[in-house]
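Step one of this worksheet: look at the structure below.
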Amino acid sequence: MSVKGNHMKKVILSSIVLLLSFSAFASVVTIEGKSVIIPDDAEKTKEKALEATLQKAVEVFVAGRVTRPTADANYAKLQPALYAPFKDFVTKYEIVSEMDDPQFHYVNAKVEVDDIKVNGQLAALGIQPGVGGKPRVAVMASEQNVDGSWVRSFYGSIYSSRGNAAMTEADFNICEGSVMGAFSGAGFPVIDMAMDPTQVKKAYQYKPVFDRYDENLFNISNDNASKLARVVDNDVELVVTCTALAKSQGKTSAHMNSVLANVSCKAVNVKNNTRVAYARAFAAAPHIDPITGGNLALEKACKEVGDKLTAALADKFR
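In terms of my numbering, the sequence shown is residues 93 to 410.
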């Protein structure tokens, strides 16, 4: 086997096929694995690379069923039950190509993974599989909860007569959590992107509330380039972008504040950069503390938006 510096790609003319056709009760994963080249033992090297490819296929399939964060969090359970005995869950495979570099031998293959067996093992482990056919979803929300009119907001800075911004604002990720909960409850695998809302806010703090996102998702901002790259890394198909604003409307009595929340969200298919759903809602909540009232109003409005989006997407993804 060659160990030259230049890559040598060797396409297998007659692919290895274990059975004649792929099963209707299995999923096909196209994956590449590798193994360190064993000197003077080409067959052993190829065997190790193929095993690595098949195991990786099972790992990728499982992550697709339960989401990557769930798979990572349950690695200690999944390793002995699914990953180590990977051969038990691979029904067929087809080697597409192989290649060497100075250190590794690579195998690219189409691998059929048994859906029923994997889902049964996940159930035995108490790990809930995702709903087939529904894409992975990530939610990116920019939220403001302000306790008065004189405050910097999405629409710009408003100053008091003394020239200083008065009142305060807060962001408790109420909107992101509520929308994520709606999608999760509807059976969509949800990826927690751990977005820092302040980064989104920095780029859009002077734009109107409902005109914050560009039509092209990847024009959101340079600050978020690295975070958006994680969308691709996690194989996310839908990204839900939301703008949420809660603001005190004044007092209804000596001690009670009336707070109104407005929320606008859209779902973007990042595979082709098209908007697939849009929803908005508003809700009011009374409370002694305007920030707490804002959180309650945001929770109501964002849950309503999440429910509207999942209902709109129900026919597209079953």
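Backbone N, C-alpha and C define an ideal beta-carbon position, used for all residues, glycine too.
As the structure is a prediction and not an experimental result, all values here were calculated from the model.
- Judged by DSSP in its simplified three-state form, residue 189 adopts strand.
- Boundaries for residue 228: no alpha helix (DSSP H) harbours it, and the DSSP string shows neither H nor E there.
- If you compare the alpha carbons of 157, 141, 345, 151 with that of residue 168, the shortest gap goes to 151.
- Per the coordinates, the alpha-carbon of residue 143 lies some 11 angstroms from the alpha-carbon of residue 185.
- Residue pairing from DSSP places residue 340 in a beta bridge opposite 351.
- DSSP places residue 178 within a helical segment (H, G or I) once states are collapsed to three.
- Within the same chain, 125, 178, 179, 182, 185, 201, 203 come within 8 angstroms of residue 146 by CB-CB distance, once the 5 residues on both sides are set aside.
- Taken through DSSP and simplified to helix, strand or coil, residue 378 comes out as strand.
- Following the DSSP letters along the chain, one finds residue 196 in no alpha helix (DSSP H) but inside the beta strand (DSSP E) bounded by residues 196-206.
- For residue 136, the enclosing alpha helix (DSSP H) begins and ends at 134-158.
- Only residues of its own chain outside the window of five on either side were considered, and among them 278 have a CB closer than 8 angstroms to the CB of residue 406, listed in chain order.
- Restricting attention to 367, 332, 209, 351, the CA atom closest to the CA of residue 381 is found in 351.
- The C-alpha of residue 209 lies about 15 angstroms from the C-alpha of residue 156.
- In this structure, residue 353 places its C-beta atom within 8 angstroms of the C-beta atom of residue 374.
- Residue 398 holds the alpha-carbon nearest to the alpha-carbon of residue 333 among 344, 339, 398.
- In the DSSP assignment, residue 275 falls within the unbroken alpha helix (DSSP H) covering 266-277.
- A Cβ-Cβ distance of about 6 angstroms is found for the pair residue 357 and residue 271, placing them in contact under the 8 angstroms criterion.
- Looking at the DSSP output, residue 219 sits in no beta bridge, so it has no partner there.
- Short of 6 angstroms from the beta carbon of residue 140, and not among the five residues preceding or following it, lie these beta carbons of its own chain, in chain order: 127.
- In its chain, beyond the 5 residues on either side, 136, 137, 140 have a beta carbon closer than 8 angstroms to the beta carbon of residue 130.
- Just so you know, the alpha carbons of residue 377 and residue 344 end up roughly 11 angstroms apart.
- Residue 153 is a Cβ neighbour of residue 121, given a cutoff of 8 angstroms.
- The DSSP-derived three-state label of residue 346 is coil.
- Within the same chain, and ignoring the five residues on either side of residue 205 in sequence, the residues whose Cβ sits closer than 7 angstroms to its Cβ are 118, 119, 121, 149, 150, 153, 181, 182.
- In this chain, the alpha helix (DSSP H) harbouring residue 169 covers 167-170.
- Between the alpha carbons of residue 265 and residue 218 lies a distance of about 29 angstroms.
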